Amino acid sequence: MSQFSRRKILAAGAAGGALTATAAAHAAGVFGNPDLPPEGQLNSNARAFADPGPQNPAMEAQIPSFQDPPPTDVNGMAQFWSSFSLSPKRVQAGGWARQVNTEMFPISVDIAGVNMRLGPGGIRELHWHQQAEWAVMTYGHCRVTAVDQNGHAFVDDLTAGDLWYFPAGVPHSLQGIGPDGCEFVICFDNGASSENNTLLVSDWLAHTPPEVLAKNFGVPESAFANIPLQQRWIFQGKEPGPLANDVREIMPGAGPVPNPFTFRLSSMTPNKLTKSGMVQIADSTNFKASTTIAVAMVTVKPGGLREMHWHPNADEWQYYIKGNARMTVFNVGPEAMTADFKPGDIGYVKKNFGHYVENTGTDDLVFLEIFKTNQYQEVSLMDWLAHTPSAMVQQTLNLSPETIAKFSRTVQDVVPG
Ligand code: MN
Ligand code: MN
Numbered sequence: 037m038s039q040f041s042r043r044k045i046l047a048a049g050a051a052g053g054a055l056t057a058t059a060a061a062h063a064a065g066v067f068g069n070p071d072l073p074p075e076g077q078l079n080s081n082a083r084a085f086a087d088p089g090p091q092n093p094a095m096e097a098q099i100p101s102f103q104d105p106p107p108t109d110v111n112g113m114a115q116f117w118s119s120f121s122l123s124p125k126r127v128q129a130g131g132w133a134r135q136v137n138t139e140m141f142p143i144s145v146d147i148a149g150v151n152m153r154l155g156p157g158g159i160r161e162l163h164w165h166q167q168a169e170w171a172v173m174t175y176g177h178c179r180v181t182a183v184d185q186n187g188h189a190f191v192d193d194l195t196a197g198d199l200w201y202f203p204a205g206v207p208h209s210l211q212g213i214g215p216d217g218c219e220f221v222i223c224f225d226n227g228a229s230s231e232n233n234t235l236l237v238s239d240w241l242a243h244t245p246p247e248v249l250a251k252n253f254g255v256p257e258s259a260f261a262n263i264p265l266q267q268r269w270i271f272q273g274k275e276p277g278p279l280a281n282d283v284r285e286i287m288p289g290a291g292p293v294p295n296p297f298t299f300r301l302s303s304m305t306p307n308k309l310t311k312s313g314m315v316q317i318a319d320s321t322n323f324k325a326s327t328t329i330a331v332a333m334v335t336v337k338p339g340g341l342r343e344m345h346w347h348p349n350a351d352e353w354q355y356y357i358k359g360n361a362r363m364t365v366f367n368v369g370p371e372a373m374t375a376d377f378k379p380g381d382i383g384y385v386k387k388n389f390g391h392y393v394e395n396t397g398t399d400d401l402v403f404l405e406i407f408k409t410n411q412y413q414e415v416s417l418m419d420w421l422a423h424t425p426s427a428m429v430q431q432t433l434n435l436s437p438e439t440i441a442k443f444s445r446t447v448q449d450v451v452p453g
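All residue numbers for the sequence shown refer to this note's numbering, where the first residue is 37 and numbers rise by one.
Put into structure tokens, the structure is as follows:
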């Protein structure tokens, strides 16, 4: 039984099981139903809880916790739920992209998310931008190229679970390779960024006087007669040959980058491994190139819980990859809001706001916690209470010494249901 359904029963029992307006007045102020005036379905009568007006049932079914919030929720928190499924795709030959930035998700000031698909041979044009770009591969195979600010060259092939990171201003390209191209999610380290607002090599050449191009590259103007006059952005290309061929071609005169721009996250040894799941962390301590983005990939087995915690150094941008989840976010006020997440959905938790993430499905839950910082940091509620004098905790929360003694004295991250 979930926390919330148990609470509902306890609270309903305290109210005599009668879901009437009269019972509601007595139900408030008990465990699992703290507020005055009371909130939540158990404090409403059935006719008042009904929703007889116009509805969009398909959309409402996506977030049942918005339709029927637990009585522990208390309203007023800024929207922290979004989804790539809400975002229109920009589709061109070779692939597509869609994005969630502050224009449609105002809370997300630290991170703009882009979901991109490149078919086999599909090319995301050579470009650069004002923001650093972090990405996780979610499907297929991709070849990335880059040249850093010291002229070092980079090329690599990636598959699902791998990461890349390009510092702001470092020019790069992406290409889907066989057998079925790739899909990935990019995070720019500025929530106002847009995938439609990058500096494109085709745009620059088309808008440079031909005689300057000739001078710059030391070839006749006619050599550029066939350059594209409009930007390419995403276009259909030919699949590249073996990676080793590209490495041989680009390295002379350049040499490798000091820290690789790619990282194998899903195959790394977990930082935390319990019977209920695991956490894999990539930040500048192990993925050295990634100086502005830190990430934790979290796996929670059915019934398990990413334990109650917060992050002292950065907002958290979440991307849900597999399974079903429910999260409640807590802030002063008090404010508490619960939302549900499916693959492709996005959550956002402001720095220091308390939260947990519960696996509400029957399969593994996998999601990413992404932060605009160089180092992953968290504070665990249980670890804090376990390492505070027990008399202090006992007096504050009316807990028995036996209960406090059961708190884990090491951070678990993922706990059993
Ligand atoms: Mn880019
Ligand atoms: Mn978190």
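No residue lacks a Cβ here, since even glycine has one placed at the ideal position from N, Cα and C. Only a predicted model underlies this, so the values are computations on that prediction, with no experimental measurement involved.
Query, Result
"Per the DSSP calculation, residue 394 is bridged to which residue(s)?", "341 and 362"
"In three-state terms, what does DSSP make of residue 389?", "coil"
"Would residue 168 pass as a contact of residue 202 if the rule is Cβ separation under 8 Å?", "yes"
"Just how far apart, CA to CA, sit residue 132 and residue 408?", "26 Å"
"Which runs of the beta strand (DSSP E) spanning at least 3 residues fall entirely within the segment 184-257, listed in chain order?", "189-195, 198-202 and 208-224"
"Who are the near neighbours of residue 157 in its chain, counting only those whose CB is closer than 8 Å to its CB and skipping five residues on each side?", "130, 211, 212, 213, 217, 272, 273, 274 and 275"
"Am I right that residue 418 and residue 444 are in contact with their C-beta atoms under 8 Å? What's the rounded C-beta distance?", "6 Å"
"Considering only residues of the same chain and omitting the five flanking positions on each side of residue 294, which have a CB-CB separation below 6 Å?", "none"
"Consult DSSP for residue 292 and reduce its assignment to one of helix, strand or coil.", "strand"
"At the level of alpha carbons, what is the spacing between residue 234 and residue 342?", "36 Å"
"Is it true that the segment 363-378 meets the segment 175-194, where meeting means three or more beta-carbon pairs spaced less than 8 Å apart?", "no"
"Looking only at its chain, what residues have a beta carbon closer than 6 Å to the beta carbon of residue 393, apart from the 5 residues adjacent to it on each side?", "342, 361 and 363"
"For residue 432, report the span of its beta strand (DSSP E) as first-last.", "Counting along the chain, residue 432 falls outside any beta strand (DSSP E), though it belongs to the alpha helix (DSSP H) covering 426-433."
"Name the DSSP beta bridge partners of residue 110, please?", "372"
"Are there 16 or more other CB atoms within 10 angstroms of the CB of residue 194, so buried, or fewer, so exposed?", "buried"
"Indicate whether the contact test is met: 3 or more Cβ pairs, each with one atom in the segment 341-360 and one in the segment 87-101, closer than 8 Å.", "no"
"Hey, quick one: how far does the beta strand (DSSP E) through residue 401 stretch, first residue to last?", "401-407"
"Smallest Cα separation from residue 365: which of 123, 379, 116 and 400?", "116"
"Just to confirm, does residue 345 get its C-beta within under 7 Å of one of the non-hydrogen atoms of ligand 2?", "yes"
"Following a CB-centred definition, is residue 169 positioned closer than 7 Å to any heavy atom of ligand 1?", "yes"
"In this structure, does DSSP put residue 152 in helix, strand or coil?", "strand"
"Residue 330: which of 404, 399, 155 and 452 sits nearest, CA to CA?", "404"
"In terms of residues, what are the limits of the beta strand (DSSP E) holding residue 271?", "270-272"
"Taking 8 Å as the threshold, find out whether the segment 163-178 comes into contact with the segment 224-234 through three or more Cβ pairs.", "yes"
"For the beta strand (DSSP E) that contains residue 330, what are its first and last residues?", "330-336"
"Rank 423, 71 and 327 by C-alpha distance to the C-alpha of residue 410 and give the top, closest one.", "327"
"Can you tell me the Cα-Cα spacing of residue 266 and residue 135, whole angstroms?", "22 Å"
"Restricting to Cα atoms, I'd like to know which of 388, 146, 441 and 345 is closest to residue 228.", "146"
"Regarding residue 234 and ligand 1, is the C-beta to nearest heavy atom distance less than 7 Å?", "yes"
"Excluding the 5 residues flanking residue 453 on each side, which residues of the same chain have their C-beta closer than 6 Å to its C-beta?", "339 and 340"
"Could you compute how far the alpha carbon of residue 199 sits from the alpha carbon of residue 422?", "35 Å"
"Measuring straight from C-alpha to C-alpha, what distance separates residue 159 and residue 269?", "8 Å"
"Below 8 Å CB to CB, which residues in the same chain sit around residue 350 once its five sequence neighbours on both sides are set aside?", "146, 330, 387, 407, 408, 409 and 413"
"Residue 96 by DSSP, collapsed to three states: which one?", "helix"
"Could you tell me if residue 433 is buried or exposed, where buried requires 16 or more neighbouring beta carbons within 10 angstroms of its beta carbon?", "exposed"
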